[in-house]
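K.L.:
The structure under discussion is supplied below as structure tokens; questions concerning it will follow.
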Amino acid sequence: MPKGDSVAAVLERLGRSLLSHETGPVGEAQLFEHVTILSPVDDVPIPARAMVLGVGVHGARGIVQLLERIGDAGATALVVRGPAEIDVEVHARAMQASVSVLSLVGGASWLRLATLLQPRSAGGDDPWAAVGTADTELDLFKIANSLSGLLDAPVTIEDRDSRILAFSADQVRADEARKASVLGQQVPGVYQTPLTDQGIFHRLYASARPVFIEPFMRGAKPRVAFRVSAADELLGSIWAVSEEPLSPVHEQAMMEAAHVAAIAMLRSRIAADAAHRMRLATVAALLQGGQPAWQAAQKLSAPRTVTGGYVLAAGLTHDGRVPVTATAGLDHVAGSLTMLLRGELPSAVCALLGDTIYGIVPTYADEPADLATVRRLATGFVQRLGRDWRGLVIGIGAPVHHLTDLNRSRDDADLVLRVLRCSAAGAGTPPLRLATREDVYGRSLVLRLSDLLAGETLPHVGPLDRLRAYDRTHDAALLQTLRCWLDNFGDISAASENLHVHKNTLRYRLKRITEVTGVDLSDAEMRFELMLQFRLDS
Numbered sequence: 001m002p003k004g005d006s007v008a009a010v011l012e013r014l015g016r017s018l019l020s021h022e023t024g025p026v027g028e029a030q031l032f033e034h035v036t037i038l039s040p041v042d043d044v045p046i047p048a049r050a051m052v053l054g055v056g057v058h059g060a061r062g063i064v065q066l067l068e069r070i071g072d073a074g075a076t077a078l079v080v081r082g083p084a085e086i087d088v089e090v091h092a093r094a095m096q097a098s099v100s101v102l103s104l105v106g107g108a109s110w111l112r113l114a115t116l117l118q119p120r121s122a123g124g125d126d127p128w129a130a131v132g133t134a135d136t137e138l139d140l141f142k143i144a145n146s147l148s149g150l151l152d153a154p155v156t157i158e159d160r161d162s163r164i165l166a167f168s169a170d171q172v173r174a175d176e177a178r179k180a181s182v183l184g185q186q187v188p189g190v191y192q193t194p195l196t197d198q199g200i201f202h203r204l205y206a207s208a209r210p211v212f213i214e215p216f217m218r219g220a221k222p223r224v225a226f227r228v229s230a231a232d233e234l235l236g237s238i239w240a241v242s243e244e245p246l247s248p249v250h251e252q253a254m255m256e257a258a259h260v261a262a263i264a265m266l267r268s269r270i271a272a273d274a275a276h277r278m279r280l281a282t283v284a285a286l287l288q289g290g291q292p293a294w295q296a297a298q299k300l301s302a303p304r305t306v307t308g309g310y311v312l313a314a315g316l317t318h319d320g321r322v323p324v325t326a327t328a329g330l331d332h333v334a335g336s337l338t339m340l341l342r343g344e345l346p347s348a349v350c351a352l353l354g355d356t357i358y359g360i361v362p363t364y365a366d367e368p369a370d371l372a373t374v375r376r377l378a379t380g381f382v383q384r385l386g387r388d389w390r391g392l393v394i395g396i397g398a399p400v401h402h403l404t405d406l407n408r409s410r411d412d413a414d415l416v417l418r419v420l421r422c423s424a425a426g427a428g429t430p431p432l433r434l435a436t437r438e439d440v441y442g443r444s445l446v447l448r449l450s451d452l453l454a455g456e457t458l459p460h461v462g463p464l465d466r467l468r469a470y471d472r473t474h475d476a477a478l479l480q481t482l483r484c485w486l487d488n489f490g491d492i493s494a495a496s497e498n499l500h501v502h503k504n505t506l507r508y509r510l511k512r513i514t515e516v517t518g519v520d521l522s523d524a525e526m527r528f529e530l531m532l533q534f535r536l537d538s
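UniProt numbering applies: residue 1 is where the sequence shown begins, and numbers increase by one.
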């Protein structure tokens, strides 16, 4: 089976909504294995069989020049921003180089297109290697240091959310706002708010040239900033601490640095997105068990043979203590959990599927499952999470000895996670943050029994239903009384104290409970059944 994806298949999936075929050959034989972002002045190597995204390429002459270069490298296709200027020379050069020329509709995101274009063979034959984080940020640090040397000023490169992506090495000359931003890798709100309120961001993103910014708050130094964009897609900005506006030569240097930074930022985000999607696919296949798990493991087990493993399931409780916005950060938590586990378990991998983070720790023929290490690492992880994540709980599934049975470990972890979530929503002792099936065995049995009863279709009225109806009719508290008495193992003194009633009042209520329900509270078997019903009702 051919590797990669075909231009024809891409046009069938994305045609009209995103891409149009302009000229050059097109068909199932036009296969590509890589997606490469390139600008007219970029000198990075072009891999063979690549789909090249021509960011910033304009006019027929610009297209011809790029076609000459990528054709010699053996590229498959070129995408330019539409409407594309196609003339006889462009057509002839495309046919000669055997390169398909496509156009991207105006306003569409280059990043979104690159994400959709990642071919089926992205990541090569080793998807396990792709689950890591792409280390392409170094390019941005080089850009920041190079521009800093040209301007003789501290430089930072930020994304649209004012996160610090890279910074030059001379930040000691910057002000406190800059130092705090670099240390926290994020511009603090106390500094970001004035920039927004004074319209500085709006002015920055609207300007075609670098913008000089007077001190925007007490203690801040003047700055020069310029937007980072790829064609019409805004990616972030470059900032330099400077006492005065830049000269025309230095302005041009900053603009060229922003252009190079845009290419580096796009490549970084695309690589990270490809790795993220590969990680999701790998984890999903392993969790499925059976043949899919075995096939996925064959590509990630070298140089050792994976024989089995166990699954972790992490999620938020539903007790109202966790802010709604916390759910949006679960993917970030999954990445943090992966890094923590890999410190001692290099093969571990985590991914967010739905609203649950699943982690998989493979085991090997020559090494038994190390549940103690996983428990220790995961316990430390939940304890160190911030207040917004105090509702995160983790269930650990039982280890399995065969890859095809990983779905059983997932089912086990899911059940433990459900128990922890239910326990957090109930009253009593402080809920567990992490557990295995053995830790919550009794509660897991009750939960499974509750699932079975939920499927019953025939109506049934039991002792608790009769007490509930009596309490509603007579404004009584017999149901509460019975539960408190059972929870205190029939101790009249303890139960009456907890209910804040006299002992004789409690005895009268117990007698009334017997009359209403017809049960014998002196029967140990009956007391167990009542306690079980209370657990199933909760």
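In this text, a Cβ means the ideal position worked out from N, Cα and C, and glycines have one as well.
1) Report the residue from G236, H332, L53 and M254 whose alpha carbon sits nearest the alpha carbon of H276.
2) Measuring CA to CA, which of P248, D232, I200 and R218 is closest to W239?
3) Please identify the residue among L510, R342 and L417 whose C-alpha is closest to the C-alpha of S444.
4) What distance in whole Å lies between the Cβ atoms of L19 and L11, which are believed to be in contact at a cut-off of 8 Å?
5) Can you grab the Cα-Cα spacing for the pair A427 / R535, in whole Å?
6) DSSP on Y105, reduced to helix/strand/coil?
7) Determine the extent of the beta strand (DSSP E) in which residue 583 is found, giving its start and end residues.
8) Would you check if the distance between the CB atom of G309 and the CB atom of L403 is smaller than 9 Å?
9) For M339, name the three-state secondary structure that DSSP assigns.
10) Suppose the cutoff is 7 Å on Cβ atoms and the five residues either side in sequence are ignored; what does the same chain contact list for L117 look like?
11) Can you give the Cα-Cα distance for L392 and R433, rounded to whole angstroms?
12) Helix, strand or coil for F534? Go by DSSP, reduced to three states.
13) From the DSSP output, in three-state form, read off I63 for me.
14) Determine the contact status of G24 and V99, defining contact as a CB-CB distance below 9 Å.
15) DSSP three-state label for D170, please.
16) Considering A153, what are the terminal residues of the alpha helix (DSSP H) in which it resides?
17) Just tell me which of R13, L385, T473 and A435 has its CA closest to the CA of V374.
18) Helix, strand or coil for M95, going by three-state DSSP, please let me know.
19) Which residues in the same chain have their Cβ closer than 8 Å to the Cβ of L486, if we skip the five residues on either side of it in sequence?
20) Under a Cβ-count criterion, where at least 16 other Cβ atoms within 10 Å of its own Cβ denotes burial, should residue 618 be classed as buried or exposed?
21) Going by C-alpha distance, which of G236, A261 and E515 is nearest R466?
22) On the DSSP letters alone, give me the boundaries of the alpha helix (DSSP H) that F489 sits inside.
23) Measuring straight from C-alpha to C-alpha, what distance separates T317 and V241?
24) Who does E367 pair with in a DSSP beta bridge?
25) Which partner residues of T23 appear in the DSSP bridge assignment?
26) For A524, is the classification buried or exposed, using 16 other Cβ atoms within 10 angstroms of its Cβ as the cut-off for buried?
27) So A334 and A351 are supposed to be a Cβ contact under 8 Å. How far apart are they, rounded?
28) Go through its chain and collect everything with a Cβ distance to S496's Cβ below 8 Å, but skip five positions before and after it.
29) To the nearest angstrom, report how far apart V7 and V26 are at their CA atoms.
30) Provide the residue(s) that pair with Q186 in DSSP beta bridges, ordered along the chain.
31) Apart from the five residues just before and just after T305, which ones in its own chain have a Cβ nearer than 8 Å to its Cβ?
32) Just the Cα atoms here: how many angstroms apart are L150 and E251?
33) Buried or exposed: where does S103 fall if 16 or more other Cβ atoms within 10 Å of its Cβ makes it buried?
34) Using the rule of at least 16 other Cβ atoms within 10 Å of the residue's Cβ for burial, across every protein chain shown, is T481 buried or exposed?
35) Taking all protein chains shown into account, do 16 or more other C-beta atoms lie within 10 angstroms of the C-beta of A29, making it buried, or fewer, making it exposed?
36) What does DSSP give as the partner residue(s) for E158 in the beta ladder?
P.N.:
Let me lay it out:
1) H332
2) I200
3) L417
4) 6 Å
5) Confidence at A427 is low in this model, with a pLDDT of 46, below 50, so the placement of that residue should be treated as unreliable; the coordinate-derived value is given next. So the alpha carbons of these two residues sit roughly 12 Å apart.
6) In the sequence under discussion, the amino acid at residue 105 is Val, which differs from the Tyr named in the question. DSSP places V105 in coil when its eight states are reduced to three.
7) Residue 583 cannot be examined here, being either before or after the span of the chain that is shown, 1 to 538.
8) yes
9) helix
10) V10, V35 and M51
11) 7 Å
12) helix
13) helix
14) yes
15) coil
16) Here A153 belongs to no alpha helix (DSSP H), and DSSP marks it neither H nor E.
17) A435
18) helix
19) R527, L530, M531 and F534
20) There is no way to answer for residue 618, as the model of the chain reaches only from 1 to 538.
21) E515
22) Careful: F489 lies outside any alpha helix (DSSP H) and carries neither H nor E.
23) 45 Å
24) Y364
25) V101
26) exposed
27) 6 Å
28) H502, K503, T505 and L506
29) 6 Å
30) R163
31) Y364 and A365
32) 10 Å
33) buried
34) buried
35) exposed
36) I164 and S237
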